[in-house]
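Undergrad: Its first residue numbered -15, the sequence shown is counted upward by one per residue in the numbering used here.
Where a beta carbon is used, it is the ideal one built from N, C-alpha and C, also for glycine.
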Amino acid sequence: MAETGSYQEVIVVGGGPAGLMAAGQAASRGLRVVLLEKKHLPARKLGITGQGRCNLTNTAAMNDFLRSFGHGAKFMRFALGRFFNQDLVSFFDALGLETVEERGGRIFPRTQQASDVVRTLVGWVKESGVKIQSGRAVRQVVAEQGRVQGVVADRQGAKEEFVGTDNIIIATGGASFPATGSTGDGYALARALGHEIVPVYPGLVPLETAGDTAPMMQGLSLRNVQAGIYVQGKKQAQDFGEMLFTHFGVSGPIVLTLSREAVQALNRNQEVKLVIDLKPAVSHTALKSRISSRMHARGKRKISNILKEFLPIKMIPVFLEKSGIDPDKPGSELTSPEHKALRMWCKELCLDITGHRSFNEAIITSGGVKLSEVDPRTMQSRKVSGLYFAGEVLDIDADTGGYNLQAAFSTGWVAGNSVGAKKA
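(1) Considering only residues of the stretch 300 to 368, which uninterrupted alpha helix (DSSP H) runs meet the minimum length of 4 residues and lie entirely inside it, listed in chain order?
(2) Given 8 Å as the limit, is there contact between the stretch 174 to 183 and the stretch 14 to 22, that is, 3 or more CB pairs closer than that?
(3) Measure the alpha-carbon distance for residue 286 versus residue 209 and round it to whole angstroms.
(4) Would you please verify whether the beta carbon of residue 160 is less than 9 Å from any beta carbon of chain C?
(5) Cβ of residue 99 within 9 Å of Cβ of residue 36?
(6) By a C-beta neighbour count over all protein chains shown, 10 Å radius and 16 as the cutoff for buried, is residue 347 buried or exposed?
(7) Between residue 59 and the rest of its own chain, which residues show a CB-CB distance below 7 Å, the 5 nearest in sequence each way excluded?
(8) Return helix, strand or coil for residue 162, following the three-state DSSP convention.
(9) Using the Cβ count rule (16 or more neighbours within 10 Å means buried), how would you classify residue 330?
(10) Express the C-alpha separation of residue 20 and residue 146 in angstroms, rounding to a whole number.
(11) Locate the alpha helix (DSSP H) running through residue 49, then write down its first and last residues.
(12) Can you tell me which of the three DSSP states residue 205 falls into?
(13) Counting beta carbon pairs with one atom in the stretch 253 to 266 and one in the stretch 331 to 340, are three or more of them shorter than 8 Å?
(14) Taking just the CA atoms, how far does residue 212 sit from residue 258?
(15) Let's test the definition: count the other Cβ atoms within 10 Å of the Cβ of residue 303 and tell me whether it reaches 16, buried, or not, exposed.
(16) CA-CA distance, residue 156 and residue 226?
(17) Apart from the five residues just before and just after residue 323, which ones in its own chain have a Cβ nearer than 8 Å to its Cβ?
(18) Give me the Cα-Cα distance between residue 393 and residue 371, rounded to the nearest whole angstrom.
(19) Compute the beta-carbon to beta-carbon distance between residue 243 and residue 228, rounded to the nearest angstrom, for a pair I have assumed lies under 8 Å.
(20) Among the candidates -2, 232, 33 and 61, whose CA atom is the shortest distance from the CA of residue 170?
(21) By the three-class DSSP mapping on this structure, what secondary structure does residue 224 have?
(22) Taking all protein chains shown into account, decide if residue 385 is buried (16 or more other Cβ within 10 angstroms of its Cβ) or exposed.
(23) For residue 72, I'd like the list of residues in its chain whose CB is within less than 6 Å of its CB, leaving aside the five on either flank, ordered along the chain.
(24) With DSSP as the reference, label residue 152 as helix, strand or coil.
(25) Based on the DSSP secondary-structure assignment, which residues constitute the bridge partners of residue 257?
(26) Just how far apart, CA to CA, sit residue 317 and residue 282?
(27) So residue 160 and residue 373 are supposed to be a Cβ contact under 8 Å. How far apart are they, rounded?
(28) Taking the alpha-carbon positions, what's the residue 132 to residue 149 distance?
(29) Closer than 8 Å by C-beta to residue 390: which residues in its own chain qualify, once you throw out the five before and the five after it? Chain order, please.
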């Protein structure tokens, strides 16, 4: 049986970006706040995000920003309207952390160090008066007659402890990068209180391909290419930018963005293909003419040498093997079907998608607490009074580019201020 501990005005469960923002905002409104973090340090996932650089947000306009959230756009409109990209930049600037804008409107700390974001955010939370208690996993949220009563949490060297409160903010994150503490605990807590959990699956995740075509090009990075996801033969989404071939398939920014459609289709046992256009600025007709002229002008040279004008060097032997073309064959002897094979490889390189990587390699989690059961104006549960949600535990996910971190900060800001407004 859990021992009874102290009463707290606000308990925040989870020390990621959403939880830290929520805790700091509530404390800034004059409330006594305790943040319970099950790992030994808060914000571990934030400290490695963006390959250790931390893509904080994006300069995209509101409508473009909302589009990146798909089905969650309507829910996110209010939170982003209250605390948007420029508000976040100003927030960190006031704390002494300067930011810089990079290609694609992505905002990073000027130092290029995610650890500086963590240090700044945690420092602000502590200065706001929040008590951060690490190594304390919450096992249960207690509610009676539709109102929260408190939590049952681990306590080092003792039995589980009941801590009473009238306000609980669940900001436990999703299930991606579980080693950092994101193991989906919040879903169980919410489900036990009557909330529906939309099935979760890896989001912004690398994709696995059939055969050895992609693995043969392992390490090859492509820039300025266009790729599309086809489900049952119909194009569902496309993106332009960079991608990478790996030992298992494909990864990189545009693949991660397209993975949402791919994973959903794979979960429905549908056929999924990735079609890559290596030369999106050149039409089929123009490319056909260019190939013919190059083969004619350099007819005596080996095809393996001429192909350097059309394909990355690492891709050439793979194309030749897959198309059955002799690498020593003179360009002038290339047949019409071989001309077409090169053109199709350049414009419609097709890979069968057979699976996706696990939560260990996913950047975010898709799915979570059903949005219709949460008030987007306050982040309070529509089922249990005094219960709030913030961040990735909700069924919101967006494209890569800083959108997901902004969502965490914005929903945390709204949740913290909503709790604080009760005291006003």
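TA: Reading it off the structure:
(1) 300 to 307 and 320 to 331
(2) no
(3) Within the sequence shown, the letter at position 302 stands for residue 286. Within the sequence shown, the letter at position 225 stands for residue 209. If you take the alpha carbons of residue 286 and residue 209, they lie about 27 Å apart.
(4) Reference to chain C is not applicable here, since this structure consists of a single protein chain.
(5) For the purposes of this step, residue 99 is taken as residue 115 along the sequence shown, with counting starting at 1. For the purposes of this step, residue 36 is taken as residue 52 along the sequence shown, with counting starting at 1. Yes.
(6) Along the sequence shown, read from residue 1 onward, the residue named residue 347 stands at position 363. It counts as buried.
(7) Walking along the sequence shown from the start, residue 59 turns up at place 75. Correct list, in chain order: 355, 360 and 380.
(8) Position 178 of the sequence shown, counted from the start, is the residue given in the question as residue 162. In the structure shown, residue 162 sits in a helix (DSSP, three-state: H, G or I).
(9) In the sequence shown, counting from the first residue as 1, residue 330 sits at position 346. Residue 330 comes out buried.
(10) By 1-based counting over the sequence shown, the position of residue 146 is 162. By 1-based counting over the sequence shown, the position of residue 20 is 36. Rounded to the nearest angstrom, the two C-alpha atoms are 13 Å apart.
(11) As a working mapping, residue 49 is identified with position 65 in the sequence shown. Start and end: 46 to 51.
(12) Stepping through the sequence shown from its first residue, residue 205 is reached at position 221. In the three-state reduction of the DSSP assignment, residue 205 falls in the strand class.
(13) yes
(14) On the sequence shown, residue 258 is found 274 positions in, with the first residue counted as 1. On the sequence shown, residue 212 is found 228 positions in, with the first residue counted as 1. Straight-line spacing of the CA atoms in residue 258 and residue 212 works out to 6 Å.
(15) Indexing the sequence shown from 1 puts residue 303 at position 319. By the neighbour-count rule (16 or more Cβ atoms within 10 Å), residue 303 is buried.
(16) For the purposes of this step, residue 156 is identified with residue 172 of the sequence shown, where counting begins at 1. For the purposes of this step, residue 226 is identified with residue 242 of the sequence shown, where counting begins at 1. In a straight line, the C-alpha of residue 156 is about 31 Å away from that of residue 226.
(17) Here the question's residue 323 lines up with position 339 in the sequence shown. The residues are 272, 275, 276 and 279.
(18) Taking the sequence shown and counting its residues from 1, one reaches residue 393 at position 409. Taking the sequence shown and counting its residues from 1, one reaches residue 371 at position 387. As the crow flies, the alpha-carbon of residue 393 is around 18 Å from that of residue 371.
(19) Taking the sequence shown and counting its residues from 1, the one referred to as residue 243 is at position 259. Taking the sequence shown and counting its residues from 1, the one referred to as residue 228 is at position 244. Contact flag wrong, Cβ pair sits at about 13 Å.
(20) To locate residue 170, count along the sequence shown from 1; it is residue 186. The candidate whose alpha carbon is nearest that of residue 170 is -2.
(21) As a position in the sequence shown, residue 224 is number 240, starting the count at 1. It is a strand residue.
(22) Here residue 385 corresponds to residue number 401 of the sequence shown, with the count starting at 1. When all chains shown are included, residue 385 counts as buried.
(23) Within the sequence shown, the letter at position 88 stands for residue 72. For residue 72, where only same-chain residues beyond five positions count, the Cβ hits under 6 Å are 41 and 393.
(24) As a first step, residue 152 is located in the sequence shown; it is residue number 168 there, counting from the start. Reduced to three states, the DSSP call for residue 152 is strand.
(25) Counted from its first residue, the sequence shown places residue 257 at position 273. Partner(s): 214 and 336.
(26) Taking the first residue of the sequence shown as position 1, residue 317 is located at position 333. Taking the first residue of the sequence shown as position 1, residue 282 is located at position 298. C-alpha separation (whole angstroms): 11 Å.
(27) By 1-based counting over the sequence shown, the position of residue 160 is 176. By 1-based counting over the sequence shown, the position of residue 373 is 389. Going by Cβ atoms, the distance from residue 160 to residue 373 rounds to 17 Å, so no, they are not a contact pair.
(28) To locate residue 132, count along the sequence shown from 1; it is residue 148. To locate residue 149, count along the sequence shown from 1; it is residue 165. When rounded, the distance between both Cα atoms is 7 Å.
(29) Locating residue 390 in the sequence shown gives position 406, where the first residue counts as 1. Taken in chain order, the residues that qualify are 40, 41, 42, 49, 64, 68, 69 and 72.
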